[in-house]
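Shown next, in the form of structure tokens:
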């Protein structure tokens with residue numbers, strides 16, 4: 080044995096050993112790589128042509144085998160099981176090309192936007208503005224900046240600005256002394272006249288405001304439009320390039336391609352998250368729960384009243400009470416919360432306050448792992464000091480100081496939000512504020528000092544690190560895509576067939592097959608053996624392209640197929656270019672060998688430039704485009720790279736063999 | 009076998025002025041046409057009507073499509089819903105009302121035939137309203153009959169009252185759903201079916217997405233311009249770009265003239281043609297570059313002619329082969345897929361044409377301008393020296 084064969088032989092041996100190691104640890108792709116290395120080395124040892132040629136053949140063979148394995152499950156699905164894929168492979172190759180909505184159909188989800196919530200929200204904002212305005216009228220407040228807590232309390236003694244839960248578009252201003260009604264003068268009315276209509280009553284000491292109907296319909300419209308945008312962004316972030324989002328009236332329709340139930344569940348979960356983030360102040364001084372007496376009924380519900388020392392401004396603490404509800408054995412945390420909420424609703428919480436809930440954890444007695452066991456209350460001002468609208472970015476991070484490490488989501492406020500956050504924290508030093516996500520308190524830290532810089536974070540609570548990571552990922556996604564302006568509820572869900580129609584696709588496939596057959600036949604007819612080589616290259620190109628698309632888990636739609644068709648066309652073109660060049664060289668009297676070499680060399684730069692120019696367009700479309708444009712661009716990019724490889728490396732290897740290897744004096748072009 | 013001789017010597021460049029004139033006229037015509045008539049936007053872009061129908065017997069999506077087509081719907085999109093045994097389908101149609109620009113003109117003529125109309129306001133095509141004022145009192149039933157005779161379905165004729173002794177009327181045209189219903193009834197053999205739901209949907213491709221797509225195209229073009237200028241020469245870039253724009257406009261012309269639906273598939277076609285156009289142009293440019301290096305000193309038009317003639321066999325072969333691959337789709341494709349193939353075929357033809365007649369002559373033109381500028385600056389320098 081000569082030394083040139085020793086290297087490949089050793090590599091083969093190593094590959095076998097590695098493959099065994101991978102097999103025992105069930106690392107499928109490790110085995111595949113070893114197989115490819117083995118094959119490549121084996122080809123290197125063949126007694127044909129020169130080593131560099133064998134190297135290239137090995138490369139082509141490796142690419143083919145890798146592509147075939149990646150594509151195996153997809154091929155089985157496409158051929159309706161005629162091409163069997165062993166279960167061993169199928170279980171381990173988890174990706175495949177899935178046809179898109181236009182080719183296979185998918186799930187159609189209809190959501191209704193609860194516009195009432197958006198109206199209520201807007202109404203609450205007007206109520207806030209009114210409080211501010213009234214404080215100015217009473218000269219409790221300088222008229223700029225956040226209303227201080229003392230001001231709010233002083234104001235509440237004179238007038239209450241109520242936002243009734245039953246009527247989402249109404250604000251009632253109730254004065255303690257009827258004579259004070261005149262405080263709502265022309266100036267005050269004018270300030271809100273554009274959006275609100277004003278009436279005296281129902282009581283003599285009351286003035287009612289109602290959102291005007293045109294303003295209301297405007298709120299409705301923009302809530303739906305915003306909700307649609309948000310859903311679209313979420314769908315986009317999930318990487319569902321081919322999903323479609325449309326709306327009609329107050330409904331949002333999402334159509335997701337595919338048939339994968341598990342994926343559908345996740346999509347539904349993310350689409351529905353309201354992701355409403357609010358920062359509200361805790362009102363510990365009022366000690367609302369201190370006035371609630373424990374009764375037999377509350378005990379039966381598993382509710383206890385506890386006491387804690389709460390900070391109440393610099394250097395002060397007050398005793399404050401809160402309620403705790405312990406989750407029952409057979410109950411989930413959301414169920415327990417529902418029970419808790421029903422109870423707190425009976426307590427008569429004033430309109431400008433609300434009860435917030437936080438989950439409490441305890442270590443599991445056996446495993447010592449933290450788990451959610453109960454809910455506790457916080458008595459909050461219902462006014463949201465800062466909201467998620469002010470968030471400019473969110474990213475998940477890990478706190479490795481803790482054991483076990485804890486995931487959290489770091490928030491960055493917009494400049495405006497940062498100012499507001501700084502102002503609010505500055506006005507409430509040594510008090511608690513609650514970070515509320517979708518109506519549940521994430522945490523209620525004490526403000527130690529004014530917080531500048533515009534950063535905050537949300538912890539992921541108890542749970543094992545993997546679950547925390549998943550939670551953090553989801554939260555990051557929904558916060559980044561923005562909150563929904565109002566919650567959405569699913570109203571309809573159905574599986575739909577392909578938009579192009581199943582029969583139309585069948586016909587189109589027949590047509591495409593005939594077209595491709597004609598092209599392949601023509602190439603052989605026109606270029607003889609070189610045409611056959613070109614056909615091999617074109618088919619291999621298609622094959623490689625599909626394999627890479629499969630490994631991306633791509634969704635194949637008509638635009639994607641157009642991208643595929645374009646690159647197949649370019650691949651044919653590259654072969655035409657090469658063969659025409661070889662013919663030219665032959666016509667100028669060159670020998671077969673030198674005509675082939677020259678033909679390839681000269682065609683190379685043409686092909687290269689044409690491909691790279693298209694590739695640039697592909698990359699830009701992929702990065703800046705959305706939806707169908709991106710689908711097209713992805714297929715294009717992969718196809719062009721595959722086409723460069725097949726038309727330059729693969730065909731040249733074959734042709735070189737046909738001409739040099741056989742010492743041919745003529746070339747069949 | 010050989011179709012085209014390598015030693016052709018056709019004077020392509022000599023005909024560049026005719027070609028340029030011809031292309032400019034067509035391009036401007038298409039742009040003006042788009043501005044005036046607009047595309048026949050599909051549901052993807054314009055929003056539309058969704059009708060869910062259920063049949064009490066077994067029927068395929070293809071049969072439903074055929075029936076709707078026979079009944080007078082130009083391009084019905086039919087999609088199965090639920091399992092096949094449910095025989096339920098979604099029909100998607102562009103547009104919410106039956107009122108079109110042409111329909112409104114017809115309706116106006118019909119109304120004017122009824123009495124003296126003093127004012128006929130611009131028709132509200134989005135909501136399907138026609139508003140007009142008449143000197144005499146008209147009978148709503150007659151108005152309805154007259155407009156329906158002109159080809160637009162009418163849902164309601166509202167009498168808006170009297171003002172200055174004149175009578176105001178508002179005609180509400182019927183929704184697309186009615187059209188779908190009547191088409192199905194006309195086209196089906198067994199006329200039993202149940203309309204389960206009618207939805208009006210907004211466009212899937214919102215303004216935002218559309219703008220994003222256009223920006224993506226512009227960025228792509230600029231990047232190509234830079235690459236071509238870097239790899240070839242500055243004067244090559246604009247030619248490639250103009251050829252690209254030319255081809256895209258021509259294919260857009262197909263959708264304009266044929267009145268076929270412009271939808272997401274059309275976008276895919278335009279993108280593909282863009283790619284094809286660049287590829288074709290670059291191949292010829294590459295040859296021009298090569299010939300320029302070989303025949304230094306020869307005038308550029310002559311070099312370009314040689315380059316185009318040398319690559320002619322490849323140009324025709326590639327164009328022909330690509331066209332060949334579309335034949336199957338042209339024969340078997342229905343609806344969107346037929347449009348896809350037809351527009352692609354046109355795109356390939358103009359793509360090939362533009363590489364020869366538009367992209368290459370642009371190089372000459374820029375070269376001449378550059379030479380002229382050099383002469384001018386050279387001349388002034390000489391003048392200074394003198």
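Residue numbers (this note's numbering), protein chains in the order written: chain A, 80 to 748; chain B, 9 to 394. For glycine and all other residues, C-beta sits at the position ideal for the given N, C-alpha and C.
Inset, instruction - Find the residues of chain B that neighbour residue 575(A), judging by a C-beta separation of less than 7 Å, and give them in chain order. - result: For the purposes of this step, residue 575(A) is taken as the residue at position 496 of the first chain. Going along chain B in sequence order, the residues near residue 575(A) (Cβ under 7 Å) are 87, 89, 98.
Inset, instruction - Put residue 218(A) into one of helix, strand or coil per three-state DSSP. - result: Within the first chain, residue 218(A) is the residue found at index 139, counting from 1. Reduced to three states, the DSSP call for residue 218(A) is coil.
Inset, instruction - Check distances from the C-beta atoms of the region 304-323 of chain B to those of chain A and list, in chain order, the residues that come in under 7 Å. - result: 321, 322
Inset, instruction - Could you check what DSSP says for residue 95(A) in three-state terms: helix, strand or coil? - result: The count along the first chain starts at 1 and reaches residue 95(A) at position 16. In this structure, residue 95(A) counts as helix in the three-state DSSP scheme.
Inset, instruction - Could I get the ranges of all uninterrupted alpha helix (DSSP H) runs contained in the region 49-124 of chain B, with 4 residues as the minimum, in chain order? - result: 51-54, 69-78, 109-120
Legend entry - Min CB distance residue 273(B) to chain A below 8 Å: Start at 1 with the first residue of the second chain, and residue 273(B) comes out as number 265. So yes, residue 273(B) belongs to the interface.
Inset, instruction - Compile a chain-ordered list of the residues in the region 315-336 of chain A whose CB is closer than 9 Å to at least one CB of chain B. - result: 323, 324, 325, 326, 327, 328, 330, 332, 334
Legend entry - Chain-ordered residues of the region 233-245 of chain B with a beta carbon less than 9 Å from chain A: 234, 235, 236, 239, 240
Inset, instruction - At 8 Å on the CB atoms, spell out the chain A contacts of residue 105(B), in chain order. - result: Taking the second chain and counting its residues from 1, one reaches residue 105(B) at position 97. Near residue 105(B) there are no residues of chain A at all, since even the closest Cβ is about 14 Å away, more than 8 Å.
Inset, instruction - Establish whether the CB of residue 376(A) and some CB of chain B are separated by less than 8 Å. - result: Here the question's residue 376(A) lines up with position 297 in the first chain. Not closer than 8 Å to any Cβ of chain B, the Cβ of residue 376(A) fails to qualify, so no.
Inset, instruction - Please name the residue in 568(A), 139(A), 407(A) whose C-alpha comes closest to that of residue 727(A). - result: Translated into positions along the first chain, residue 727(A) becomes position 648. With distances taken between Cα atoms, residue 727(A) lies closest to 139(A).
Inset, instruction - Compare the beta carbon distance of residue 150(B) and residue 126(B) with 8 Å and say whether it is the shorter of the two. - result: For the purposes of this step, residue 150(B) is taken as residue 142 along the second chain, with counting starting at 1. For the purposes of this step, residue 126(B) is taken as residue 118 along the second chain, with counting starting at 1. Cβ atoms of residue 150(B) and residue 126(B): not closer than 8 Å.
Legend entry - Cα-Cα separation between residue 88(A) and residue 118(A), rounded to whole angstroms: If you number the first chain from 1, residue 88(A) lands on position 9. If you number the first chain from 1, residue 118(A) lands on position 39. Whole-angstrom Cα-Cα distance: 11 Å.
Legend entry - C-beta atoms of residue 206(B) and residue 185(B) nearer than 8 Å: Stepping through the second chain from its first residue, residue 206(B) is reached at position 198. Stepping through the second chain from its first residue, residue 185(B) is reached at position 177. Yes, Cβ-Cβ distance for residue 206(B) and residue 185(B) is below 8 Å.
Inset, instruction - Return the chain-ordered ranges of every alpha helix (DSSP H) run that is complete within the region 622-691 of chain A and spans a minimum of 4 residues. - result: 637-666
Inset, instruction - Determine the burial state of residue 503(A): buried for a count of at least 16 other Cβ atoms within 10 Å of its Cβ, exposed for fewer. - result: Working through the first chain from its first residue, we reach residue 503(A) at position 424. Buried.
Legend entry - Where residue 602(A) sits in the DSSP three-state scheme: Indexing the first chain from 1 puts residue 602(A) at position 523. Reduced to three states, the DSSP call for residue 602(A) is helix.
Inset, instruction - To the nearest angstrom, report how far apart residue 195(A) and residue 302(A) are at their CA atoms. - result: Walking along the first chain from the start, residue 195(A) turns up at place 116. Walking along the first chain from the start, residue 302(A) turns up at place 223. Answer to the nearest angstrom: the Cα atoms are 10 Å apart.
Inset, instruction - Establish whether the CB of residue 175(B) and some CB of chain A are separated by less than 8 Å. - result: For the purposes of this step, residue 175(B) is taken as residue 167 along the second chain, with counting starting at 1. Cβ-Cβ to chain A under 8 Å: no for residue 175(B).
Legend entry - alpha helix (DSSP H) segment containing residue 365(B), residue limits: In the second chain, the residue the question calls residue 365(B) occupies position 357. Unbroken run through residue 365(B): none, as it is neither H nor E.
Inset, instruction - Enumerate, from N- to C-terminal direction, the unbroken beta strand (DSSP E) stretches of 3 or more residues contained entirely within the region 499-538 of chain A. - result: 512-516, 519-522, 534-538
Inset, instruction - Just the C-alpha distance for residue 122(A) and residue 739(A), rounded to the nearest angstrom, thanks. - result: Reading the first chain from its first residue, position 43 is the one you call residue 122(A). Reading the first chain from its first residue, position 660 is the one you call residue 739(A). When rounded, the distance between both Cα atoms is 18 Å.
Legend entry - N-terminal and C-terminal residue of the alpha helix (DSSP H) that residue 443(A) is part of: Here residue 443(A) is taken as the residue at index 364 of the first chain, counted from 1. Taken as a continuous stretch (DSSP letters only), residue 443(A) belongs to no alpha helix (DSSP H), as it is neither H nor E.
Inset, instruction - Pull out every residue of the region 703-722 of chain A whose Cβ sits closer than 7 Å to any Cβ of chain B, in chain order. - result: 703, 704, 705, 706, 707, 708, 711, 715
Inset, instruction - Kindly say whether residue 545(A), judged by its beta-carbon, lies nearer than 8 Å to any beta-carbon of chain B. - result: Residue numbering aside, residue 545(A) sits at position 466 when the first chain is read from its first letter. By this cut-off, residue 545(A) is not an interface position.
Legend entry - Residue environment, residue 243(A), which counts as buried when at least 16 other CB atoms sit within 10 Å: Start at 1 with the first residue of the first chain, and residue 243(A) comes out as number 164. By the neighbour-count rule (16 or more Cβ atoms within 10 Å), residue 243(A) is not buried but exposed.
Legend entry - Alpha-carbon spacing of residue 577(A) relative to residue 412(A), whole angstroms: Translated into positions along the first chain, residue 577(A) becomes position 498. Translated into positions along the first chain, residue 412(A) becomes position 333. About 40 Å.
Inset, instruction - Indicate whether residue 563(A) and residue 322(A) have their beta-carbon atoms separated by less than 8 Å. - result: In the first chain, residue 563(A) corresponds to position 484, counting from 1. In the first chain, residue 322(A) corresponds to position 243, counting from 1. Not a contact, by the Cβ cut-off of 8 Å.
Inset, instruction - Count the other C-beta atoms from every protein chain shown that fall within 10 angstroms of the C-beta of residue 359(A), then say buried if there are 16 or more, exposed otherwise. - result: Within the first chain, the letter at position 280 stands for residue 359(A). It is buried - the Cβ of residue 359(A) has at least 16 other Cβ atoms within 10 Å.
Legend entry - Residue range of the beta strand (DSSP E) that includes residue 727(A): As a working mapping, residue 727(A) is identified with position 648 in the first chain. Looking at the DSSP string, residue 727(A) is not in any beta strand (DSSP E), and its letter there is neither H nor E.
Inset, instruction - With a 10 Å radius around its C-beta and 16 neighbouring C-beta atoms as the bar for buried, classify residue 238(A) as buried or exposed. - result: Stepping through the first chain from its first residue, residue 238(A) is reached at position 159. When all chains shown are included, residue 238(A) counts as buried.
Legend entry - Neighbour-count burial assignment, residue 225(B), 16 or more Cβ in a 10 Å radius: Along the second chain, one-based indexing puts residue 225(B) at 217. Label assigned to residue 225(B): buried.
Legend entry - Against chain B: residues of the region 656-672 of chain A by CB proximity under 8 Å: 656, 659, 662, 663, 666
Legend entry - Cα-Cα separation, residue 500(A) to residue 304(A): Counted from its first residue, the first chain places residue 500(A) at position 421. Counted from its first residue, the first chain places residue 304(A) at position 225. Going by the C-alpha atoms only, they are around 28 Å apart.
Inset, instruction - Assign residue 307(A) to one of two classes, buried (16 or more other C-beta atoms within 10 Å of its C-beta) or exposed (fewer than that). - result: By one-based count along the first chain, residue 307(A) stands at place 228. By the neighbour-count rule (16 or more Cβ atoms within 10 Å), residue 307(A) is buried.
Inset, instruction - Check the Cβ-Cβ distances between residue 691(A) and every residue of chain B, and say whether any is below 8 Å. - result: Walking along the first chain from the start, residue 691(A) turns up at place 612. Yes, contact with chain B.
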